[in-house]
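*Asks:* Heads up, the sequence shown is in numbering that gives the first Met the number 0, so the first residue is 0 and it goes up one at a time.
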Amino acid sequence: MNMPATLAELLDDAVAVLGAAGFEAPAFEARALLTGVLGLSREEMLAHPGCAIDAAARARFADALGRRAGREPLARITGQREFWSLPIGLCPDTLIPRPDSETVVEAALALVADRDEEHSILDLGTGSGCLLLALLWELPRARGLGIDRAPGALAMARDSARRLELEDRAEFRVGDWTHGLGGRFDIIVSNPPYVAEAEWAALPPEVRDFEPELALNGGPDGLAAYRALVPEIARLLAADGFAVVELGAGQHDDVAEICRNSGLFTGPVRRDLGGHPRALPLARRPVGLEKSKAKKKVGKKAIPV
Ligand SMILES: C[S@@+](CC[C@H](N)C(=O)[O-])C[C@H]1O[C@@H](n2cnc3c(N)ncnc32)[C@H](O)[C@@H]1O
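Here it is as structure tokens:
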């Protein structure tokens, strides 16, 4: 009969497997996989290297190791990723939320004059719901609507909203961008698909082979979704509201021009941690130089639809 493997043995095996699979930092990857799959903290793992692992957990880990060696991202294997320090659930229809996208949340919050005001928020291409849920987390009286074409992603977003106890203020609806939507929103955010067709082949296998194409494919030049969305943002934005859209690399000037052509003002772009222009504020008036002057509203604000 085989003795149960210890944590240290599982770790050694994983480092060997991931090293052979060509990972640059196999020890780092192996530790992350072990803690993620077994639900341990890094400290627990380091403190108890001789801890015996039962057969069920070993089987789970062996399956995860095979998937990771095949370049499946860790977050896909664990089914969860932290965004804005919130646990966000994932499924095959959801893009894994990127730390860069937190720049959109930062840019939006920087334009909110009073976080205790009521705001209506629209998140176009909400996917996992990460942007909308982070904003609702920070704006306790806001209500939000997330739209996506992928029903599976919306099921995950609803689940995350429930776990964060935000479900009373978050609605998720299947839709083709803004089709059928009316009314005006105080805050609109969007991280649209922005990968150009020519860039597809050069994407790392973790992205190209495991992320949903609907979440990434921005058409021939990567700008198709902006062309569809920006005029609609102009239509749906409240007079004193603002929008923030995420940008792909090198897209700032093209997107800013699309915005100007739709009669929107662009504010100072916010850079991500890598220094890349990432989050572009938009409004129907000059935006970004001062906080939104939206007046306090009385009573419960409905989501306009
Ligand atoms: C780059 S992902 C962003 C996901 C999430 N908001 C985030 O920031 O991680 C783009 C999202 O747009 C959705 N999408 C693509 N085309 C769409 C369309 N025509 N209408 C609505 N959503 C769409 C995709 O399903 C995907 O969830």
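A virtual CB, placed ideally from N, CA and C, is assigned to each residue, including glycine. A quick note: this is a predicted structure, and the numbers were derived from the prediction, not measured.
1. Is residue 173 buried or exposed, if buried means 16 or more other CB atoms sit within 10 Å of its CB?
2. Using a Cβ-Cβ cut-off of 8 Å, state whether residue 80 counts as contacting chain D.
3. Start and end of the beta strand (DSSP E) containing residue 81?
4. What residue range is occupied by the uninterrupted beta strand (DSSP E) comprising residue 140?
5. With residue 242 as the anchor, note down where its alpha helix (DSSP H) starts and where it stops.
6. Among the residues of its own chain, which have a CB less than 6 Å from the CB of residue 229, if the five just before and after it don't count?
7. Between the C-alpha atoms of residue 124 and residue 5, what's the straight-line distance to the nearest angstrom?
8. If you measure between the beta carbons of residue 71 and residue 209, is that distance less than 8 Å?
9. Whose C-beta lies closer than 6 Å to the C-beta of residue 14 among residues of the same chain, with five residues either side of it excluded?
10. Determine the burial state of residue 311: buried for a count of at least 16 other Cβ atoms within 10 Å of its Cβ, exposed for fewer.
11. Can we say the stretch 236–256 touches the stretch 67–82, given the rule of at least three CB pairs closer than 8 Å?
12. At the level of alpha carbons, what is the spacing between residue 127 and residue 82?
13. Closer than 7 Å to a non-hydrogen atom of ligand 1 - does that hold for the CB of residue 174?
14. Hey, which unbroken runs of the alpha helix (DSSP H) at 4 residues or more fall wholly within the stretch 84–134?
15. With respect to the beta strand (DSSP E) encompassing residue 185, which residues constitute its N-terminal and C-terminal limits?
16. Report the residue ranges of all alpha helix (DSSP H) runs contained in full by the stretch 191–218; include only those spanning at least 4 residues, in chain order.
17. Count the other C-beta atoms from every protein chain shown that fall within 10 angstroms of the C-beta of residue 237, then say buried if there are 16 or more, exposed otherwise.
18. Looking only at DSSP bridge pairs, what is residue 53 linked to?
19. Have a look at residue 131 and residue 111 and give me their C-alpha separation to the nearest angstrom.
20. In this structure, does DSSP put residue 171 in helix, strand or coil?
21. Any idea what DSSP makes of residue 280, helix, strand or coil?
22. Between the beta-carbon of residue 263 and the beta-carbon of residue 183, is there less than 8 Å?
23. Can the beta-carbon of residue 135 be found closer than 8 Å to that of residue 169?
24. Determine the direct distance from the alpha carbon of residue 32 to that of residue 63, and round the result to whole angstroms.
25. Helix, strand or coil for residue 177, going by three-state DSSP, please let me know.
*Replies:* Let's see:
1. exposed
2. In the structure shown, chain D cannot be found, because there is only a single protein chain.
3. Per DSSP, the continuous beta strand (DSSP E) segment holding residue 81 begins and ends at 79–82.
4. Element bounds for residue 140: n/a, residue is neither H nor E.
5. Run containing residue 242: none in the alpha helix (DSSP H); it sits in the beta strand (DSSP E), 236–245.
6. Here the set comprises 257, 258, 261.
7. 44 Å
8. Here residue 71 is near residue 209, since their CB atoms are less than 8 Å apart.
9. 25, 26, 29
10. An answer regarding residue 311 cannot be provided, because it is not within the stretch 0 to 304 covered by the chain.
11. no
12. 10 Å
13. yes
14. 101–109
15. Start and end: 184–189.
16. 204–207, 212–215
17. buried
18. Residue 53 is not bridged to any residue.
19. 15 Å
20. strand
21. Secondary structure of residue 280 (DSSP, three-state): strand.
22. Their beta carbons are not under 8 Å apart, which means residue 263 does not touch residue 183 by this criterion.
23. Pairing residue 135 with residue 169 gives a Cβ-Cβ distance under 8 Å.
24. 8 Å
25. coil
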